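Data block below; observations after.
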Amino acid sequence: MAKIRGFYSYPIYDSLSPVILDELIYYDFIHKFYEIFDEETSVNFVTYSLNKKDLNKIKEIAPYARLIHGEKYTEEIGMLIKDLFKKKSIGIKNIRTYYCSKCDEYFKESQVKIIPKKLRENIAKIRVGKKIYFLGAFYGEEEPIGVYLGKNDSYVIAQLYDEEWIAPASLELFLLKEIEIPKSKIKKVGFEGIKDLNFELYVIQGDGRAELIKKGDIRAKSLKRRIPSYSVIFSKEKELPIKTCPICGNVLQEENVPILVVKGKGGTYDLSSPEGSYKLPVLYCPNCGHIEYGTIIKECPVCGNIMERRFSLKPELSALGAYIHSFDAPPSLMFLHQKRFILKYFMENILKVYGKYLFKNTRYLSHKVPESIDEVKRAALLIKKRGTINKSDIKKIRKLRNVVDNIVRYVEIYGTTDDYKEEDEWLLWKNNEVKKRIRELVENGKISYAFHVLYGHIIGDISHFYIPIKRKTPLVLEPVRDAILMLYPFMPAFVEENLGRINVEKFSLSTTEAEEISTMEIIRDFVKVVRKYREKKGIPRKEPLKKVVFVTSYADEVNSLKSSILNLENVLIFQVVEDWDEMEIEIEPNMEEISASYRAWAPKIGFLLRRKNVREVLDAMEKGGYTLGIEGFIIKITPKMINYIKKVPEGYDHIEFEYGDIYIQNERDATTKRIRLVREVIRRINIMRKDIDMDFDDLIDVSISGDSEAIKMIRGYDDEIREKCLARNIEFSYTEYGYIVEWPIMGYRITIGINPLFKRWVIKAFKSIPGIDDYRAELLFKMGYGSIYELMEAEPEQIAEATGMPLKLVNELIDYLYSTAFKPKKEKNKEYCPFCGTELTPDDDFCPRCGAPIRVKMEERKMKKGNVYLFLGELGDMLERIPEELMKEKKLLITKDNPDEVKKLYNLKNTETVWISYVPFGDAIKPKDLEKLKGRVLKFLEKGGKLIIADCFDLLLAINGLDKLLQMIGEMKEKLKEKEAYLFFTIEELEAFEMGEIMKYVDGEVK
């Protein structure tokens, strides 16, 4: 039976902070990772003082985890203390703390607030023994009640008449200058020099420095009596830094508090603190500092003073007992956010002294964790080692989700196969290698690296390489399923949904041995090299390369998969050969070798060889050798006397790589441009299909219009457009279809309109007609009837002939169509198509899915207040389309041209202006200064302006990039809504992806 992997959290104290949730996400990842490999894990979360709500939240996040409540394991802490006493590893140190009597709280020096304040410094003289006096300082209203002699301090003893004055060494200068005691009368000693003197009961000794004990000091509890009296021998006003309470502002009392420490090889580690709540089983004598294990108060065996149980466990160690009780061996892996590193420091070092080494397999997190975490953000946290989740992280996750969605959709459409071809065998091998690599990385806690390996596999190996090779044929299921399943620990809900779509029920992975398919690796590397060449030369993949020649010793193997390369790379002519006969070869005589045999004739031989026909020389060499006649002598030329230099034919670029040489014809002409244009148009049509969520087998009618030169180039490729876009009809003229976009493509403006024929919904609508069953509904669609409206317009005789229905029944069918159309069903203030049941909007004149006529076409909607409108074209054309009543409003013109000239040219009145220019002229704003521009717009709106006209956004886009421009539009849009104003802006040309992103931020495009 496989060993169960154990995982323990660091203690979860008080509440579930975002950084703890970050750690829990990593534990959940680990559990889910081994779950898909069918391996059992034991995940344990150690908690302490968590409320019920947070405990329930942990159970919700990780229902499989065992909760270990640290409060239950105090007995183990007692065992630890007892063992440390036996090892003589327990000790005491004093720490300086600051006590607020008002708040009853202790503060560290770093927590207190320091303010300058004028106070009177008093030097008090206190009798501490027979003719022995102690000098100490106190300030302002402080009241001395005892004397504390610190073992770590240095002292001076001054002999004055028959008295001995003891003072901290820091007061030596005071004795010399203010009291004027001769230096010869002052002796420096350590604590050893005074400890055996016979002191009064209000003197106590301990670690730290010497000082007066003031009223309120925690050490006052150890005094057997108070100072009966004292005399002030010196007083002076000083401005001192006074430490005050950060909560109430009260002046704090400085105290030396004894702390229990564990002594290890690397130093001492705090075991107790004043802030703790759990009393440790340790007795302490405040008089002499003696400590011993125990819980019952008794007399100190050293000095006879009453011992007390005063040490409280450091809060960071509250759950220590749970770790002592629960495990001896280090967990397989632990995760800790760096903001909680202090937990590891204290617990690890104390347990090391105890003999337990438990935390060596810790991986540190240093994310800035968002307050709310959805599945995309969860994945983003797992793929980053540190830092804040940013837009690029989210974009990366969403890109991967889209790719997986497309892979699953491909499987839904084209299915899977068990008849493996070479590319399938290659993917099975690659899949196995990736699984082994990811497993290795996860076992070492390198989760972000594991994701990047998986990301490259899904996008690079499967989406960009394997699927294009398979193109519209079934895939091998196992590696596709495994790749998606390996995403489960990152995005569980997403993976469950997508694997459900391809009927994968069992979430299980295993690794096996598979043979490497080297030919596919050659093809993959070949394609990478060609794509890098395209990138370097600026040749888009939509544009074909005229000719590519691959010269390789693997020609036979690669030729068997030549079709795969053509599926991957856009090439008109592709050759794979071992020897390319178009390669130019030149003869270069080896003069050193020739001179060795024919010293005097060497220059002449070299001269003649350079002028010989290369093919003639090569053929002769193959037959045994080549000869030259010089001055009546026959000269034999051996192979060593000739070097052959290959010369790349003119018009080709040469690339060397591991598996051979690639020669690419670098000519780009009208043919390649034309093919690129056609494929760019096909891509835009398919983007439009996706925009309106069409299924893979839905048909469309397409209209393509625009620049006459472009249309002329596209004509003749109707069949390719039909095949790749599932187009039923293609018109090369403008048609008023339901979805129309004007695209800037390769410098042309091409308008594409599509009329969607949603097969599933149209067939559903047909089946709602009495007399039409599944077979007849499918048949009608195949015969070209793509909507209810088209069926209504058809001749009854045609329908009867297509379906085999009696003409009388067809006439009744037509009557039913006309009696049902224009009558939407109404339910709960909503309208639905009477044929397919699609929910309708007030703007739908036809059903958007089955094409049934719903209502007589109404007048165009008026432009709404607070909206943003885009116009693709020039400013003058846009101004003509803005309603006249709007043009009368107070306007702000933002232009990249001279505003005075623009106002004059278009007769703009009641208009403020902003000039987007680098020229510092009047109201000019630099294109880079979007914040200033936004401020100017908001100021205009605040003053009651209603219309903003801009013809500079193409410049702003070029200078600032799309993201920053969209951010500015989004921020301005909120104020436009609030002030019921309008923004019209023009851009002369946009790439497809830019158009798609901008349309998310605008309310409409002005046509």
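Here the numbering used here is used: the first residue of the sequence shown is 1, the next is one more, and so on. We put the CB at the ideal spot given by N, CA and C, even for glycine. Small disclaimer: the values here were computed from a predicted structure and weren't measured.
Item                                                                                                                                                                                 : Value
Distance check for I605 and I630, CA to CA, integer angstroms please.                                                                                                                : 8 Å
E978 by DSSP, collapsed to three states: which one?                                                                                                                                  : helix
Which parts of the segment 713 to 743 are runs of the beta strand (DSSP E), unbroken and 3 residues or longer, counting only runs that do not cross its ends?                        : 727 to 731
Alpha carbon to alpha carbon, how far is K238 from E163?                                                                                                                             : 30 Å
Please return the same chain residues whose Cβ sits closer than 7 Å to the Cβ of D328, not counting the five positions on each side in sequence.                                     : K356
If contact is defined by three or more beta carbon pairs under 8 Å, each pair taking one atom from either stretch, is the segment 459 to 479 in contact with the segment 565 to 581? : yes
Cα separation between F37 and K72?                                                                                                                                                   : 35 Å
Going by Cα to Cα distance, which pick from N829, K243, Y554 is closest to K108?                                                                                                     : K243
Going by CA-CA distance only, name the one from V919, Y488, A800 that's closest to K506.                                                                                             : Y488
List the residues that DSSP assigns as beta-bridge partners of Q575.                                                                                                                 : V549
How is the beta strand (DSSP E) around G456 delimited, first residue to last?                                                                                                        : Where G456 is concerned, there is no enclosing beta strand (DSSP E), although the alpha helix (DSSP H) it sits in stretches over 447 to 456.
Expressed to the nearest angstrom, what Euclidean distance is found between the alpha-carbon atoms of V576 and F657?                                                                 : 15 Å
Under the assumption that I754 contacts Y737 (Cβ atoms under 8 Å), give the Cβ distance between them as a whole number of angstroms.                                                 : 6 Å
Are the CB atoms of Y323 and M347 within a distance shorter than 8 Å?                                                                                                                : yes
If we count the other Cβ atoms within 10 Å of its Cβ and call it buried at 16 or more, is D581 buried or exposed?                                                                    : exposed
Closest to I61 by CA distance: which of V43, I77, E76, E423 is it?                                                                                                                   : V43
Under 8 Å Cβ to Cβ from R676, same chain only, skipping five residues before and after it: list those, please.                                                                       : P540, K542, E543, P544, M746
Go ahead and pull the three-state DSSP assignment for K946.                                                                                                                          : coil
Are at least three pairs of beta-carbons, each pair with one atom in the segment 583 to 594 and one in the segment 602 to 619, less than 8 Å apart?                                  : yes
Using a 10 Å radius around the Cβ and a threshold of 16 neighbouring Cβ atoms, would you call S273 buried or exposed?                                                                : buried
Is R471 near the ligand GDP, in the sense that its beta carbon is under 7 Å from a heavy atom of that ligand?                                                                        : The ligand GDP is not among the ligands present in this structure, which contains no ligands whatsoever.
Is I297 helix, strand or coil when you go by DSSP?                                                                                                                                   : coil
Identify whether L271 lies in helix, strand or coil by the three-state DSSP scheme.                                                                                                  : coil
Quick check on the DSSP output: the beta strand (DSSP E) that includes G500 runs from which residue to which?                                                                        : Element bounds for G500: not the beta strand (DSSP E) but the alpha helix (DSSP H), 492 to 501.
Using a threshold of 8 Å, state whether the C-beta atoms of L333 and K435 are closer than that.                                                                                      : no
Between which two residues does the alpha helix (DSSP H) holding Y533 run?                                                                                                           : 518 to 537
Under 8 Å: do the segment 937 to 947 and the segment 882 to 902 share three or more Cβ pairs, one atom per stretch?                                                                  : yes
Can you say whether H452 is buried or exposed, counting buried as having 16 or more other CB atoms within 10 angstroms of its CB?                                                    : exposed
Hey, would you say R749 sits closer than 8 Å to D707, going by beta carbons?                                                                                                         : yes
Buried or exposed, going by whether 16 or more other CB atoms sit within 10 Å of the CB of S235?                                                                                     : exposed
Could you check where the beta strand (DSSP E) with D418 kicks off and where it finishes?                                                                                            : Per DSSP, D418 belongs to no beta strand (DSSP E) and is neither H nor E.
At a Cβ threshold of 8 Å, is K865 touching chain C?                                                                                                                                  : Structure shown: chain C not included; a single protein chain is present.
Report buried or exposed for N56, applying the criterion of at least 16 other Cβ atoms within 10 angstroms of its Cβ.                                                                : exposed
Reducing DSSP to helix, strand and coil, say where F29 ends up.                                                                                                                      : helix
Just to confirm my understanding: we take I637, look at its own chain, exclude 5 residues before and 5 after, and list those with CB closer than 6 Å. What are they?                 : Y626
Taking a contact to mean a Cβ-Cβ separation below 8 Å, would you say V156 touches V203 in this structure?                                                                            : no
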